[in-house]
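Number of protein chains: 2
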Amino acid sequence: MSVAEETGATRVEVRSAGGGYDVLVGPGLLQRLPVLLEDVVDAGRFAIISDSNVAPLHGDAALEVLREAGLDAALFTFPAGEASKTRKSWSILTDELLEAGFGRDACVVAVGGGVTTDLAGFVAATYLRGIPVVQVPTSYLAMIDASVGGKTGVDVKAGKNLVGAFHPPRLVVADPEVISTLPSGERAQGLVEALKHGAILDLRHYEELVQELDALLDANPVVATSLIADSVSLKAAVVTEDEFESGYRQVLNFGHTLGHALEAASGYALGHGSAVAWGMLLEAEVGERMGITEPGTRARLEPVLSPFAGSLPSSIALGEVLPYLRTDKKVRGGKPRVVLLRRIGEVDPGTRWSHEAPEELLEAVLREALERA
Amino acid sequence: MSVAEETGATRVEVRSAGGGYDVLVGPGLLQRLPVLLEDVVDAGRFAIISDSNVAPLHGDAALEVLREAGLDAALFTFPAGEASKTRKSWSILTDELLEAGFGRDACVVAVGGGVTTDLAGFVAATYLRGIPVVQVPTSYLAMIDASVGGKTGVDVKAGKNLVGAFHPPRLVVADPEVISTLPSGERAQGLVEALKHGAILDLRHYEELVQELDALLDANPVVATSLIADSVSLKAAVVTEDEFESGYRQVLNFGHTLGHALEAASGYALGHGSAVAWGMLLEAEVGERMGITEPGTRARLEPVLSPFAGSLPSSIALGEVLPYLRTDKKVRGGKPRVVLLRRIGEVDPGTRWSHEAPEELLEAVLREALERA
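Chains as they are written, first to last, in my numbering: chain A, 1 to 373; chain B, 374 to 746.
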């Protein structure tokens, strides 16, 4: 019987050029962390990385459980918030690990939300040219999205996630019991990515999420385990097929072209989940007007996504949104591209899974949304 | 007929998890850069990175030849010297590429010595989570060692190359005609790594180098082509067998445990080549005293390596060297480890290709060397 089976966790397998890894989802997994770690890495020392909010809740607990199991572990923290996802925080954490004498036999254990999994993953990716990382996501966003797929990195002035590396984890340990410690606004933000997985890949997952939204927002661990595992399975299938985002993985960017542009133009006053919810609605509109998305799709998404989207900050000016469309990572030959649905649960293949969208159309759809703000 | 064959270059193949790449060695290759690049990358734009010394000699020329061939290219420079191999230079170069709008279809072309190939390689490794790099080494050190094997990175306060990534190039283009522009001191520094390849792996290569040292120091392109290709072949076989330095690749660290410690303790006043030459001599001594290296090996290396080693700066204090031994990347369980020869041309396998050396012995050998300084 494998260690994962012993814990009763749900196991999702992700295949990767580096050999693949498991995502384990189950209540109480954090208590089993030592045996789970020892099962996947032959490490002499463990560097737990958490932010200043999560460290007192779960970082300290992880440290204690590792030490009780006789493992050599230390906790490193950084100030909570997206503003910490920088080259500077990465440098400071790296230097702290070096100062503490962590060598090539070390393993990073990232305990936190998406900022932590991205930042600690990038520390691991570049520490002595790469040491293993185990991701222990503590938010819906990190469990469903950020910790799966091997993307690590930091934000720079020119935009989010523009510096980083693909560094697949050795293991992802998602314990839905920790969601109860997550502020309710952040719970909602993370569920938007699950709804996106349903919208692009699986109508049934989308409908189950809609049905269970209240239980998920209540952090019901049984419902959360089942739906997190389903959502991770959908993402795992995509990143297994296209690990380095050369084609099919683009589908995960549904809602993100317009979403990212709105998020950036708001100076990040608009949360990532709200921005993606807006992006999904507006890109459904774009797809309908281009005759690619089934008519009425936006109208069907609206009652589900609007509560997550909220209202757009009135400070966002159209002229500030448009430049971000032109510097989007998906731009080819200077033209912005969007991922478009055929209908809820199915993406249109387009050309390499995205479409060139007329700038006038993107501008018109954005203008209408901003005028109503 | 392949593009490489058309150029009449000598081709050395390196296999890598990412698919492998060629090292081409031949006079006049720089003129053929456009066709060589187009053969290995499907890139829309090329970012040439050079230091302030090499840019006017070869960076500008590379830019011109690319533009003449109708390729979209730009040149980015940084101040020459090991002091530039930092996270700060990496940040500045990254931001300059972002500012210039380089996207995922870009390719970095590193034109320069080991600092440039390491630094530009790390920029490429982390730019938008990784874009291709083609290495165009312009020094013996970079041709024989730094540009081959996929190691990229920067120095930090705690030591050299402690932050970085494995990011194999798509191609390495070594044109020995550029060696004539290299200051003679730097020519000598680079040849030490070639002598090391011979000392650990191939007596015949070692002896050929010894015989041709004058021609190599004179930058004779025919002799250089042949011996660079031989030396690269030896290194390629090692990194093909153990890309991520989990075992056999350790052999390349012969001379580097004591060499790095002396180099660091001198505040980098001692050049890398001199430091490694010292390291090879002293590690031969260590091996002889441990009964592993054939007696007389140091004495046989001495006449060849002493001119490269030069004299140790009298400012180096033993007490400053020892701490570096304890933070060496090869340390396991707190004990310093050294790669030891059996004889010239053959490494002793030890345990995973290195030996735990008694600290008293390392200290004694270092003390004797420093007392003679």
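For every residue, glycine included, the Cβ atom is placed at its ideal position computed from N, Cα and C.
Residue-level contact by beta carbon fails for B:T613 and chain A, as no gap is shorter than 8 Å.
Under the DSSP assignment, B:I504 falls outside any beta strand (DSSP E); it carries neither an H nor an E label. Taking C-beta separations shorter than 7 Å and ignoring five residues to either side along the sequence, the partners of A:G28 in its chain run D175, E177, following chain order.
By the rule that beta-carbons nearer than 8 Å mark a contact, B:K524 touches chain A. Contact between B:T525 and B:G494 holds, since their C-beta atoms are separated by about 3 Å, short of 8 Å.
For A:R11, the beta-bridge partners assigned by DSSP are A:L24. Separation of B:H431 and A:S50 (C-alpha to C-alpha, rounded to the nearest whole angstrom) is 46 Å.
Here B:N534 carries a strand assignment [DSSP, helix/strand/coil]. DSSP, read as helix, strand or coil, puts B:L448 in strand. Ranked by how close their Cα comes to the Cα of B:L444, the residues B:D415, B:K458, B:V529, B:D603 have B:D415 in first place. By alpha-carbon distance to B:A442, the top candidate from B:L410, B:G644, B:V694 is B:L410. Between the alpha carbons of B:G628 and B:G683 lies a distance of about 15 Å.
Beta-carbon to beta-carbon, B:I421 and B:Y579 are separated by about 35 Å, too far to satisfy the 8 Å threshold. A:S91 reaches chain B at R460, counting residues in chain order whose Cβ is nearer than 7 Å.
Of all residues in the stretch 532 to 544 of chain B, only G532, N534, L535, V536, G537, A538, F539, H540 place a beta-carbon less than 9 Å from a beta-carbon of chain A. Ranking B:V408, B:A638, B:L695, B:K569 by CA distance to the CA of B:V720 puts B:K569 first.
Within the stretch 484 to 505 of chain B, the residues whose Cβ lies closer than 9 Å to any Cβ of chain A are, in chain order, F495, A498, T499, Y500, L501, R502, G503. Under the DSSP assignment, A:A110 falls outside any alpha helix (DSSP H), being part of the beta strand (DSSP E) whose first and last residues are 106 to 112.
Against B:D468, the close residues of chain A are V156, K157, A158, in the order they occur along the chain (beta-carbon pairs closer than 8 Å).
Within a 10 Å sphere around the beta-carbon of A:E288 sit 16 or more other beta-carbons, which makes this residue buried.
Looking at the backbone, the Cα of A:K157 and that of A:V136 are separated by about 28 Å. Residue-level contact check: A:A265 does not touch chain B, since none of the beta carbons of chain B fall below 8 Å from its beta carbon. Unbroken alpha helix (DSSP H) stretches of 4 residues or longer found wholly inside the stretch 596 to 658 of chain B: 629 to 638, given in chain order.
Shown here, B:I689 sits in coil according to DSSP, grouped into three states, outside any helix or strand. Between the alpha carbons of A:L75 and A:L30 lies a distance of about 16 Å. Along the stretch 378 to 400 of chain B, the positions whose C-beta sits under 9 Å from a C-beta of chain A are A390, G391, read in chain order.
Close partners of A:E99 in chain B (Cβ separation under 8 Å): A531. Straight-line spacing of the CA atoms in A:E360 and A:K160 works out to 25 Å. In the structure shown, the three-state DSSP call for A:P137 is strand. A distance below 8 Å separates the beta carbons of B:L544 and B:V507. Residue burial annotation: B:L514 is buried, with at least 16 other C-beta atoms found within 10 angstroms of its C-beta. If you compare the alpha carbons of B:L674, B:T670, B:R418 with that of B:A479, the shortest gap goes to B:R418.
Collapsing the DSSP output to three states places A:F46 in a strand. DSSP places A:T152 in the uninterrupted beta strand (DSSP E) bounded by 151 to 156.
For the options B:V376, B:Q562, B:A690, the alpha carbon positioned closest to that of B:E741 is the one of B:A690.
Beta-bridge annotation (DSSP): A:F166 is paired with A:K151.
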